[in-house]
Structure formats: structure tokens, C-alpha cells
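Residue numbers (my numbering), protein chains in the order written: chain A, 1 to 159; chain B, 1001 to 1706.
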């Protein structure tokens, strides 16, 4: 995907969100909607970052808390807590983040390949690092991330 | 611009499947000795529709088979030949072939050409068999197989008048016109008489039509199927003498041209080049052998299968006319939306219940109205998914017929309550378990005719298949008047298999033993019951549908298998229970009773496992809060509620904080966006808009055992 954009020189629209002090970006086309945090029905014996399921207009949607998953920020739930409802791999998944910043366009030359991060986030889900003014954006391949084995969201994983 | 035909394929697939099903049910219902002409016509029409459709969409393999099928049917409906039992068998086989071909087109894959050939041969033989003075329409079959897309060969002789003969344009136009009908070969144009050969799907009349523009009838001659001469050897082997009668007649009409010898050669060469090698091998003996075993069973079979006294066929036909085809997704979407509406209505009702009834009288009136309308709407929408159970039942006359023939038993199948409606999803899943139960009844239940006579029974056994609504359930029964289950035999087998069996075990519990995996009391494993699908699979399938199987049996009198199923997979009667802050739904069908135990009734085993004594029975006690790792409001069973659950003959007591109420809940899948959760079979949305998990009782019992 990254190479593709470089060669075509096209721009990509990204929704940026914050987790702890970091700013992330994901393909806006994967976002269905953004909503507040609602009462969640817990599911027993699941990892802590899987908060449970909610009723999203009649469909059962699992909610993952990325702050817990990435050990970033504080997992507090109040009326300002934001859930990004994603539509990835034919599934609807809710993702709790610290906050949603804005929507930006990033051209291919603003994206640099990602160096190794260490343990916090696996580089295979990072498409690159983007630069907007002085901010650094971590571009995540949200589909790959959400369907990965680490997330325990799907039974058959894409890896 | 060409039209993409593939967009219409699905319609063809659906319609053809329907036609095939209709054909089959009509065929099985046919009275062999005096077939109903209307039925024969209906079968013919169905075959014809399939032929037309498959031709339009370019599925020529199906066109060929139906064409052959149609020929025989045509003769039958014109009463040129009498209907025989083996014809019905052949038709059913042809139906299977068509089904396989349809499936191959739909889902990819291949149909064994050998089988197709065999069945086609058989149909041809039957069509030709008893008809020495064969009429042209009955014999084009081999040609159909030989050249895909062309079903007949015509030898055309044409003596043009002087004007035409000298005008090459007119002749070329004629050839071009003929070529449009199919594959035209110009054999000999040197003499005054032109000889042409045409391989075409068109009939003789269409060829005549073309000639009629330029020639008088006496100027041309059209002879069909001469090209098939090589196949006459095949037919001769059977002693039908069809082509030998025919050929000299043609030669007489066309004497002295030395025409046929080269033709045969050309044909033979052509076939060799094409590698069909079809006529070289003698296909006759094999299919003939297939027909052979039938005769001794035929007369009783013919007597056995009278037209059943029901108007199922009529109803199928009439419903087809007044129905529309809608994709399941659309219906599911509608059902989902109505489910949402029901939930919203419940939410509003809950809020409205808090307002002052005097001040908001009108609002509450409106709420009442909304509630009724919503309920009606939900019912009607649910009923869209409902289909009469005859969709499954209709396949069984054939199953019974074939199996009875194979096992040399005389069996009559009675069906009751075919109009009973249930969810389409369930209907599809019911077919396999029911087939197994019926095969079982036939193989193990119904005795051989001699044995039945010796026991003073009617030599003809009866299997009854019935369906009825009973409360919120549908009850399907497969009963037979056969030998019944043998308690001693089952117990002996159980001991042999090392199954734990108490001495004073009740009959009901003995019968349940046959559901154990790999359990079979059959002395001899026949090809009927040795198919690897055991009763355990039946039971599992039924359980997956949220149903139960019960057995009643009396030695020498018969066996009755009763299947109880919920009406639909989309809605469930449930009991909501509370544990801590969570609400769960227990499917009502599994609940035996609820009780508040005395502290003294709770005992521990080995210091860990708890049991509760209920009327002398010790049941394992499972605390739901422990299974789901949640903090309960009540930690001692005698302060809370025990719900006794029963599944697969095992009982457990589930300890919960409180019972909240009984609801009809709309089942939502957890897997569509998440994954399977252990101990949970699905989710639903409660009146307050929150999600509640539906508990998987089977899994809970399993937890209790491990």
C-alpha cells in the first residue's frame, strides 16, 4: 500500500486519534462512525482489553480498548470517552481511544517507513510514520491489526 | 453490446431446482397402472421448462438430458406406450443427473459422463423399447449425445428446379439459411439432386419452412437420423429391431444412390476424430443389467405406490403462481429491523410506564396501540421465513420407495401435517436427521413381509411421518409399525460397549442409549445402515437446532421418534436471570424448574464439587458467577435461586442471584462481528437496549462434567 502511494504520489485521508501521548492515523475509509462510550456487556474469560459487546442499532459489536491493549494512557470511562466504530474485514468493531483529533490528508512523500518500535506495538501493523507540521503520526494498518491473533477478535486470523 | 446472461443464472438455478422437485414429487406419486394424464403433462411441462431454460443459458449438457427425457415423456403422455415402474426409476435417475448438472453449473465441478450416458441410454431404450413402428421424434437421442448442441441429424435431398439450379446465389442462400439452423455439410451437389446433411436442434418443420420459400414439397426430401445408422448395431443387440426396420424403408425411398455406405463411413470417421468413441463400445449390456433386478419387485411396487391422497402437488403449483422470489438477506434484514422496532417499543413502554397515567392518557393509549401493532408486524415478518414442512417431506416418498425395493420390504409412507410451517433455516437442517430416522425405521423397524405375516401383521408396513404445532414448538414424528426396539439387545450391546448401565434402568433411558456414538443393534451392517451417520449425529443435529428427540417403542408394535423443535431459529423463549450486574438469558426449553434450596440440601464432594439434593437426586451444582468470573450479589446457594436445567438426559442445577422474567428474545449472532464465546450461544438485546448473552446450556453441562 505504501509503495503504491509513493509511485502514484496520491494522498490518503486519515483519521487521527491519540493514545497516551502518541498520535495515530488510520484509513478513514475503515471508519464507520464515532460515538461515545456506552454501557458494555462484559464477556467472561476474555482478555482485559476486550471490554465486551454493545448493541449498535441491533448488531452486536465487540469493543476493544486500545489504551489497555497498548498499555498507554489511562483507561477511564466518562462521557468524553470516544469509541471509533470500524468496519474492517466485513466486521464491525468498536475501538476505544483517548481522543479523536481530526481528519488529515497525507501525501505519499510525507510518509516514512517505520523503524523498529520495541515491544509497545508490533511494526507489522505499522504502515509508516507520517509527518504533519511538527507532529508525528503512526499510521496503523487497522485491518491487519484488528484481525491479528493478538487482538483475539476473530477466530480465523489473517496471519 | 452483449447482455451478461450470468445475472439471470440464479433465477434459472432456482426455477430449475423447483421444476426438478416438482417432477420428482409427481413421479413418486404416479399410479403406475393408470397414470393420471394431468400429472404426466405436468411432468412433461417441467422437463420442457428445464430444457428451454438450459438451452437459453447455454447449459447444453442439461438440454441434452432433458431432451431425451422429454421424448419418453411425450410418448407416455400421448399414451403411445404404457408407463412402467422402471420408467419412473429412470426418470428419477435422470432427475438426479439434472440436479447434479445444475449443481455443477452453479457451484462448479463435474458430473460423471459415464453416469449421464448410462441414464440416457436407459431412457432411450425405454422410449424405443416397445415401439417397433418408431416415429421420428423418438429416436434422435444418440445424436444429441454425440454432438453437443445438436440433437438431430437430417439427410436432405433436394432437386432444384431449372431456374434455381443455374443460379448459384439462390443455392448459396439456401445453404446459408440451413447453416443457420445448425451444422450443414454439403455431401454432393454435382448431380441434379443435391445431397445435404444437417446436424441441428431444429425439427424437420423448420427445415421444411426454409425450403418452402424456393421449392415445392416434391422437390426435396428430409430424412431424420440416418446418420445414426452405426448406433443401430447397439440397438440390434437389444433386439428391438428399431433401426433395421427403419433403414430399408429409407433406402427404398431413395434407391440406387449408394448413399448410406459412405455416410456410415463418414460418420464413423468423424466420430473417431472427435474421440467420442461412443458407438464403438457396446453400452447396451450394462444399463440392461441395471434394469434387470427390478422385474420381480415391480408388480408389488406398482401396487404399493398408489397416488397418495393429498393435494400437495396442487398446492405447490398454486403457491408458485402467487408468490415472489425474495433473497434471504432481504428477509433477514427486515426481521432485524422489526426486532429493533420491538426493542425500541419495549424501551418506550418502560419509560412511559413511569409517567402519570391521568396526565398522559393519550400517550399511554398510543403506546398500547404501538405494542399491538409491533407484535402483529413481528409475527407477519417472521412468517415470511416460514415454509410448509412439505418441502422436506416431499423427498421421502422417493427415499422410502427406493429403499423398500432394495431391502425387499413392503412399506407405505403416510405423511400428515405437511402444511405445518416452520422456519426455512430449520427446514434445511431437518432433512438429514429425518432421512436417517426414516432409513432406520425401514431398515431396522419394518420387518420382512414373511416375518410380518407370521406375526399376524399386514405384510405391508407403514411408516408415518407427521408434523404438528404444539404450543411454541413444532413436533415431528417418525413412527413405524415394525418390530420395535429390543430392550435386551440394546442392553447387551451397551454392556459390550462398556456403557455404564444400571440394572433397573427405565425403558426411556434404554432407548436413549441408541444415541450413543457408534451404537448399532443391527445384526448385519447393510449398505443402508452402514453409512457412518449414526443416531448420535441425528441427536446432535437436532440439538444444534435447539430441539430434542424422544423415543417411544414397544416390542413387536413399533417405534416412534419424536422431534421437538422451536418454531424458528431467530426467536427464542428465554428466562432472564441476574448474576451480579449482569443479565443472562436461559433458553426456556432447557429449564425444568427453579427452586430455592435449603442449606442442608447442598453437599460437597471431595471438598470441591458441590451437589444439591432435589427429591432424592443429587445434581451437580454450578455457580454461574464462578463460570463467568463475576462478582455475585449472593454467594450462598440457599440465598439465591437454583435453576434446574436438563439437556441430553443430564441434569444440572445452575446457581444464580435472581430470576428476572420470561421473554421472547431475538437471537443475534456473536460470531458475525466477534468470535465464538465459550458457554454462550448468542446474544440478544433487552428492553433497555443493553446486550444480554444467551447461555449455551450444553456447554454449561459440559463444564459441570469436566
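Cβ atoms here follow ideal geometry from the backbone N, Cα and C, with glycine treated the same way.
None of the values given here were measured: they were computed from a predicted structure.
- Using a Cβ-Cβ cut-off of 8 Å, residue 1628 of chain B is close to 44, 45 of chain A, given in chain order.
- Nearest to residue 1575 of chain B by alpha-carbon distance, out of B:1582, B:1664, B:1608, is B:1664.
- The Cβ of residue 1685 of chain B sits closer than 8 Å to at least one Cβ of chain A.
- Per DSSP, residue 1065 of chain B is not a residue of any beta strand (DSSP E); the alpha helix (DSSP H) it occupies stretches across 1060 to 1077.
- Neighbours of residue 1670 of chain B across chain A, judged by C-beta separation under 9 Å: 43, 53, 60, 62.
- When the beta-carbon positions are compared, residue 1050 of chain B and residue 1066 of chain B come within less than 8 Å of each other.
- Here residue 1469 of chain B is bridged, per DSSP, to B:1474.
- Look at residue 66 of chain A here: in three-state DSSP terms it is helix.
- With a 10 Å radius around the Cβ and a threshold of 16 neighbouring Cβ atoms, residue 54 of chain A comes out buried.
- Listed by position along chain A, the residues whose Cβ is nearer than 8 Å to that of residue 1678 of chain B are 45.
- Using a CB distance cut-off of 8 Å, residue 1358 of chain B does not count as an interface residue toward chain A.
- In this structure, the beta-carbon distance from residue 1075 of chain B to residue 1041 of chain B does not fall below 8 Å.
- Secondary structure in the stretch 1414 to 1468 of chain B: the beta strand (DSSP E) runs of 3 residues or longer, each lying completely within the stretch, are 1421 to 1423 in chain order.
- Interface flag for residue 1675 of chain B against chain A is set, since a Cβ pair is found closer than 8 Å.
- Taking 8 Å as the threshold, the shortest C-beta distance from residue 1330 of chain B to chain A does not fall below it.
- Under the rule that a run must span 4 or more residues, the alpha helix (DSSP H) segments found entirely inside the stretch 1012 to 1063 of chain B read 1037 to 1056.
- Bridge partners of residue 130 of chain A according to DSSP: A:111, A:137.
- Comparing C-alpha distances from residue 1018 of chain B to each of B:1112, B:1095, B:1360, B:1573 shows the shortest one belongs to B:1095.
- Using a Cβ-Cβ cut-off of 8 Å, residue 1339 of chain B is close to 58 of chain A, given in chain order.
- By the Cβ test, the stretch 1674 to 1692 of chain B is in contact with the stretch 1335 to 1354 of chain B, since at least three Cβ pairs between them sit closer than 8 Å.
- Taking all protein chains in view, the Cβ of residue 1628 of chain B is crowded by 16 or more other Cβ atoms within 10 Å, so the residue is classified as buried.
- DSSP, reduced to helix, strand and coil, places residue 1205 of chain B within a helical segment of the structure shown.
- Remark: fewer than three beta-carbon pairs, one from each stretch, lie closer than 8 Å, so the stretch 1508 to 1517 of chain B and the stretch 1409 to 1421 of chain B are not flagged as touching.
- Take residue 1593 of chain B, set aside five residues on each side of it, and the residues of its chain with a beta-carbon closer than 6 Å to its own are 1644, in chain order.
- Beta-bridge pairing by DSSP links residue 35 of chain A to A:83.
- One finds 41, 42 in chain A with Cβ atoms closer than 8 Å to the Cβ of residue 1582 of chain B, taken in chain order.
- For residue 1397 of chain B, the uninterrupted alpha helix (DSSP H) segment begins and ends at 1396 to 1407.
- Per DSSP, residue 1682 of chain B is one residue of the beta strand (DSSP E) stretching across 1680 to 1685.
- Secondary structure note for residue 1372 of chain B: it is in no beta strand (DSSP E), and the uninterrupted alpha helix (DSSP H) holding it is 1361 to 1384.
- Membership of residue 55 of chain A in the beta strand (DSSP E) is indicated by the continuous run 50 to 56.
- Identification of chain A residues near residue 1691 of chain B by a Cβ-Cβ cut-off of 7 Å yields 41, 53, 54, 55, 60, ordered along the chain.
- Pairing residue 1400 of chain B with residue 1442 of chain B gives a Cβ-Cβ distance under 8 Å.
- In terms of Cα proximity to residue 1015 of chain B, the closest of B:1071, B:1103, B:1082, B:1545 is B:1103.
- Check the Cα spacing between residue 1586 of chain B and each of B:1658, B:1630, B:1541, B:1672: the tightest is with B:1658.
- Contact between residue 13 of chain A and residue 103 of chain A holds, with the beta-carbon distance rounding to 6 Å and staying under 8 Å.
- Proximity to residue 139 of chain A across A:147, A:145, A:146, A:130 peaks at A:130, based on C-alpha coordinates.
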